[in-house]
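Student:
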Amino acid sequence: MEKRFRFFSLIFSYPSEKILEELESLSREIPEYSKIVEMLKTHTLEELQTEYTRLFITDHPTLTCPPYESYYREGSVYGNASVEVREIYESHGLEYNFEGEPPDHISVELEFIALTGDREFLNRMKEWVFYFADKVKESSEIYGLSAEELKRLIEDTLSFCEHSE
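So, in structure tokens, the structure goes:
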């Protein structure tokens with residue numbers, strides 16, 4: 001499961017050649033995600049970066065799909081949820097260094113799940129990430145498939161965890 005969450009952490013990170021190469025490598029290990037990589041490869045890196053910027057970076061209030069937990073919980077970016085998430089990381093012995101994205105950015109949270117497999121944290125994510133994924137699906141042909149597959153991964157993982165108790 002960890003590689004699947006790593007895959008989506010990369011998908012929702014700013015596109016670069018290195019990220020695209022890692023996605024392609026992971027898709028060889030997770031063949032059901034190869035369709036996502038193939039779709040991304042139909043676009044230039046510049047097109048992917050432009051779409052990423054349009055969806056996830058453009059200044060608020062015009063931000064199409066805010067990739068931050070605090071936005072969905074509190075209606076603003078860099079809110080209390082950002083602090084809470086950082087504290088959760090620290091409680092797992094992980095030090096979060098702010099290097100461009102706050103701790104409650106979707107890619108950072110997915111990387112945390114990839115590293116820890118923390119089911120409680122995944123339940124926390126479920127409370128907001130489906131809203132995020134729906135906004136992405138409505139707003140982007142490029143990222144829409146990824147958003148839908150992320151929802152499926154979270155649902156399947158939580159369902160599996162419930163049945164394995």
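By my numbering, the letter at position 151 of the sequence shown is numbered 151, and the numbering carries on one by one without gaps. From the three backbone atoms N, C-alpha and C, an ideal C-beta is built for every residue, glycine too.
1) Less than 8 angstroms between the beta carbons of F56 and Y33, yes or no?
2) Given that a residue counts as buried once 16 or more other Cβ atoms are within 10 Å of its Cβ, and exposed if not, what is P168?
3) Considering only their Cβ atoms, is the gap separating P103 from S82 smaller than 8 angstroms?
4) Hey, S13 and I19: beta-carbon distance below 8 angstroms or not?
5) What are the boundary residues of the alpha helix (DSSP H) that N97 is part of?
6) Can you grab the Cα-Cα spacing for the pair F98 / R86, in whole Å?
7) Just to confirm, is the Cβ distance from I11 to S146 under 8 angstroms?
8) Roughly how many angstroms separate the alpha carbons of E141 and A114, rounded to a whole number?
9) Compare the C-alpha of K137 against each of E51, L110, T116, H105 and name the closest.
10) Using the three-state DSSP reduction, which class does Y68 fall into: helix, strand or coil?
Tutor: Result, derived from the coordinates:
1) On the sequence shown, residue 56 is found 56 positions in, with the first residue counted as 1. On the sequence shown, residue 33 is found 33 positions in, with the first residue counted as 1. Contact: no.
2) Outside the displayed span of the chain (1 to 165) sits residue 168, for which this structure offers no information.
3) Walking along the sequence shown from the start, residue 82 turns up at place 82. Walking along the sequence shown from the start, residue 103 turns up at place 103. Cβ distance < 8 angstroms, so S82 and P103 count as in contact.
4) Within the sequence shown, residue 13 is the residue found at index 13, counting from 1. Within the sequence shown, residue 19 is the residue found at index 19, counting from 1. Their beta carbons are under 8 angstroms apart, which means S13 touches I19 by this criterion.
5) Along the sequence shown, one-based indexing puts residue 97 at 97. Looking at the DSSP string, N97 is not in any alpha helix (DSSP H), and its letter there is neither H nor E.
6) On the sequence shown, residue 98 is found 98 positions in, with the first residue counted as 1. On the sequence shown, residue 86 is found 86 positions in, with the first residue counted as 1. For F98 and R86, the distance between alpha carbons rounds to 10 angstroms.
7) The sequence position of residue 11 within the sequence shown is 11, counting from 1. The sequence position of residue 146 within the sequence shown is 146, counting from 1. Yes, the Cβ-Cβ distance between I11 and S146 is below 8 angstroms.
8) In the sequence shown, counting from the first residue as 1, residue 141 sits at position 141. In the sequence shown, counting from the first residue as 1, residue 114 sits at position 114. Roughly 26 angstroms separates the two Cα atoms.
9) Locating residue 137 in the sequence shown gives position 137, counting from the first residue. K137 has its Cα closest to that of E51, out of E51, L110, T116, H105.
10) As a first step, residue 68 is located in the sequence shown; it is residue number 68 there, counting from the start. If DSSP states are grouped into helix, strand and coil, Y68 belongs with the strands.
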